[in-house]
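Colleague: Sequential numbering of the sequence shown, starting at 4, is according to the working numbering.
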Amino acid sequence: MDPSRAFGLPEGYFAQTGFSADAFIEQISLVDLEFAKKNSMFEPKPFVRTFERALEKLLASQGELGGKIAQLERSTKTYAEDHRKKMARLKQTFATVGSSFERLETQISEVGSNTIRIGEQLDTVAKEKDRAEAIKELVEFYAELNEGNTSRLDELLDGGSEGMIKVAHTLRRLNTIVVDN
């Protein structure tokens, strides 16, 4: 409830800017002043009672406001402490997420390095396999030619120009092996 109403004043009277104690006293004693003007003799008792009631109401309002202020201060302190704790947790969460991303980045880098190494090894193995197959084929040609069997070479020659190139290549390699031995 607006404390202005307790004094018969307009709502928000105490909240206005430029509050004047003189204007407040004049406002609450307005009725007594009107009464005093009508009577020829000044009577202080109505003014005293008005100011006593005003003082009681002001003290009661002061107590209420003090209680509200204390309650708001406690609430503010509680909210501030909760906010501080939440911010600390949030900071810790960000730090955890950051370190998780760093670990993930390191692991991805390691996987990438391993993948490159495996790819290089597979390439080496594939080259060695091709070389082994070529050697096996040369050995088979050599064994067949030693036995006087030229059927595979004849089949290659029937394959056209590509077959002729392959026969020439094979015979040149076989010649190199025979010459070295």
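Backbone N, C-alpha and C define an ideal beta-carbon position, used for all residues, glycine too.
Whole angstroms is fine: what's the gap from ASN152's alpha carbon to ARG134's?
Modeller: ASN152 and ARG134: Cα-Cα distance of roughly 24 Å.
Colleague: Quick check on the DSSP output: the alpha helix (DSSP H) that includes THR96 runs from which residue to which?
Modeller: 48-149
Colleague: Quick check: what's the CA-CA separation for ASP85 versus VAL114?
Modeller: Distance between the alpha carbons of ASP85 and VAL114 is about 43 Å.
Colleague: Looking at the unbroken alpha helix (DSSP H) that takes in ASN199, where does it start and where does it end?
Modeller: Any property of residue 199 remains undetermined from this structure, which presents the chain solely from 4 to 184.
Colleague: In this structure, how does DSSP classify SER32 when only helix, strand and coil are distinguished?
Modeller: coil
Colleague: Between the region 28-36 and the region 51-66, do at least 3 Cβ pairs fall closer than 8 Å?
Modeller: Verdict: yes, contact present.
Colleague: According to DSSP, is PHE27 part of a helix, a strand, or is it coil?
Modeller: Residue state for PHE27 is assigned as helix, using DSSP reduced to three classes.
Colleague: Going by beta carbon distance, what residues of the same chain come within less than 8 Å of PHE144, once the five residues before and after it are set aside?
Modeller: ARG155, LEU156, THR173, LEU177
Colleague: Note down, in chain order, each residue of its chain lying with its Cβ closer than 6 Å to the Cβ of TYR82, except the 5 sequence neighbours on either side.
Modeller: none
Colleague: Quick one: what does DSSP say ALA39 is sitting in, helix, strand or coil?
Modeller: helix
Colleague: Rounded to the nearest angstrom, what separates GLU37 and GLU46 at their Cα positions?
Modeller: 12 Å
Colleague: With a threshold of 16 other CB atoms inside 10 Å of the CB of VAL128, please say whether the residue is buried or exposed.
Modeller: exposed
Colleague: Should ASN42 be listed as close to the ligand ADP, given that the test is whether its C-beta is under 7 Å from any heavy atom?
Modeller: The model on display carries no ligand, and the ligand ADP is accordingly not part of it.
Colleague: Determine whether the beta carbon atoms of PHE50 and SER32 lie at a separation below 8 Å.
Modeller: yes
Colleague: Three-state secondary structure (DSSP) at ASP157?
Modeller: In the displayed model, ASP157 falls within a helix according to three-state DSSP.
Colleague: Please confirm whether ARG134 has its beta-carbon closer than 8 Å to some beta-carbon of chain D.
Modeller: This model lacks chain D altogether, as it is built from one protein chain only.
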